[in-house]
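Below you'll find the structure, written out as structure tokens, and then a few comments.
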Amino acid sequence: MLFQGLDSCMSQSEKNFILSLLTRGSPEHLSQAAHILASIVEMNNKSPSKDNFINRRIRKTQSEDSHDRRKLVDQKSYPNSQSQSQNARRMPRASSIMSTNSTASATRSSLATTSTATIPMSSSSQSNLRREAENERRWRVNFPLPSRMPKQVKLPLDFDFENKRISPIRFIDDEETLSFLHYNQRYNRMDYHLRKKLVEDAFCTLYISWGKVKQRQSYNSIGPRNILVGLEHQAEERQLPDIRVPWRRVIISYVEKSFERLGLRVGDVVTHVDGEVFDGNIEKLRFLLAMKKRDSSSVDIVLNADPGVAEALRLRSFMIRSQEFL
1 MLFQGLDSCM SQSEKNFILS LLTRGSPEHL SQAAHILASI VEMNNKSPSK DNFINRRIRK
61 TQSEDSHDRR KLVDQKSYPN SQSQSQNARR MPRASSIMST NSTASATRSS LATTSTATIP
121 MSSSSQSNLR REAENERRWR VNFPLPSRMP KQVKLPLDFD FENKRISPIR FIDDEETLSF
181 LHYNQRYNRM DYHLRKKLVE DAFCTLYISW GKVKQRQSYN SIGPRNILVG LEHQAEERQL
241 PDIRVPWRRV IISYVEKSFE RLGLRVGDVV THVDGEVFDG NIEKLRFLLA MKKRDSSSVD
301 IVLNADPGVA EALRLRSFMI RSQEFL
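Residue numbers (the UniProt record's numbering): 1 to 326.
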């Protein structure tokens with residue numbers, strides 16, 4: 001889920017802003033988006049009553065004028081004709097896009113169906129809803145999100161993270177899965193094959209086997225290949241982001257159930273600590289956590305806001321826009 005299930009409590013303009021952060025191809029913007037989404041959840045958890053922050057936000061967004069919402073969507077999806085024709089010339093051909101349904105390209109369905117839950121619907125309305133749900137499912141298959149999405153977690157520091165036996169969360173150095181990078185490189189200086197491997201990594205699930213980090217390929221091979229078409233397009237190559245790609249990373253290797261409730265999962269990549277980019281090893285992470293523990297009882301950890309995920313989301317947005325012009 002692109003907005004971590006918070007779609008209904010955000011206005012269209014807020015969702016557009018966060019979407020722009022997620023699709024700029026920048027790890028720093030991913031970290032910023034994760035921070036905003038985490039702040040919404042945190043304000044909800046601090047609400048003293050049942051009428052919590054998220055419920056109030058849902059009512060506020062539902063009360064907005066629907067015409068204004070459609071206008072915002074139209075402005076985003078259908079720019080002026082001159083811009084549309086220019087963009088259309090830059091987009092890849094439809095023949096290069098794979099699909100699970102050859103009769104029509106998938107169309108994005110609206111998620112605002114909350115008001116229909118208690119209203120009896122005609123058979124035609126039910127049929128339309130089923131059709132929209134199928135289109136949404138097909139869309140997710142053809143243009144899936146990366147396996148690891150950016151998120152921010154407030155990690156309590158009331159445990160001994162030096163003691164592996166009793167620590168509720170453990171980490172492992174990963175110096176193999178991205179070893180093809182050799183040393184830290186600039187993304188815009190990498191050749192096509194290295195960029196392709198980096199984006200493919202974002203669609204892999206990371207797991208631990210015999211003390212080493214392994215990659216499990218996505219069961220859906222069509223979607224990632226559709227998104228990788230963006231790398232082959234000449235117009236897209238002129239927009240390569242100038243970001244540094246670390247060749248090593250720290251992966252979460254074990255999480256107790258009590259910490260899973262925070263959103264931590266095995267395979268998550270540590271990318272930011274209290275807003276600062278983290279690109280070291282376990283020893284550096286332990287040192288940082290020990291320093292933070294002296295002054296605070298918790299630390300904000302951003303996970304999966306790495307260059308591979310950032311570029312995968314950017315290319316996904318590029319390929320989705322290309323379908324809107326076909």
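Using N, Cα and C, we set each Cβ at its ideal position, and we do this for glycine too. Bear in mind that the values here come from a model prediction, so they are computed numbers and not experimental data.
Per DSSP, what kind of secondary structure is residue i in: helix, strand or coil?
i: Ile-166; result: coil
i: Ser-123; result: helix
i: residue 329; result: Nothing in the structure corresponds to residue 329, since the chain is present only between 1 and 326.
i: Phe-161; result: coil
i: Asp-295; result: helix
i: Phe-180; result: helix
i: Pro-150; result: coil
i: residue 334; result: No statement about residue 334 is possible, as the shown extent of the chain runs from 1 to 326 and does not include it.
i: Leu-303; result: strand
i: Glu-276; result: strand
i: residue 331; result: Coverage of the chain is limited to positions 1 through 326, which leaves residue 331 absent and any answer about it impossible.
Might you give, ordered along the chain, the residues of its own chain that have their beta carbon closer than 6 Å to the beta carbon of residue i, omitting 5 neighbours on each side?
i: Leu-313; result: Leu-22 and Thr-23
i: Lys-151; result: Ala-34, Gly-263 and Leu-303
i: Ser-31; result: His-272, Val-302 and Ala-305
According to the neighbour-count rule (16 or more other Cβ atoms, all chains shown, within 10 Å of its Cβ), is residue i buried or exposed?
i: Ile-169; result: buried
i: Asn-184; result: exposed
i: Asn-226; result: buried
i: Ser-317; result: buried
i: Arg-140; result: exposed
i: Arg-189; result: exposed
i: His-29; result: buried
i: Phe-203; result: buried
So residue i packs on residue j, CB below 8 Å; how close in whole Å?
i: Ser-298; j: Leu-157; result: 6 Å
i: Arg-248; j: Glu-175; result: 5 Å
i: Pro-146; j: Val-309; result: 5 Å
i: Asn-281; j: Val-255; result: With 8 Å as the limit, Asn-281 and Val-255 do not qualify as a contact, their Cβ atoms being about 19 Å apart.
i: Ala-231; j: Lys-196; result: The question names Ala, yet the displayed sequence has Leu at residue 231. Correct: roughly 6 Å between the Cβ atoms.
To which residues of the same chain is residue i closer than 8 Å at the C-beta, ignoring the five residues directly before and after it?
i: Asp-160; result: Ile-166 and Ser-167
Who are the near neighbours of residue i in its chain, counting only those whose CB is closer than 7 Å to its CB and skipping five residues on each side?
i: Ile-320; result: Phe-143
i: Val-266; result: Tyr-207, Ile-208, Ile-252, Ser-253, Tyr-254 and Val-255
What are the start and end residues of each continuous beta strand (DSSP E) run of 3 or more residues lying completely inside the stretch 186-266, in chain order? Runs of the beta strand (DSSP E) inside the stretch 186-266: 205-209, 212-216 and 249-255.
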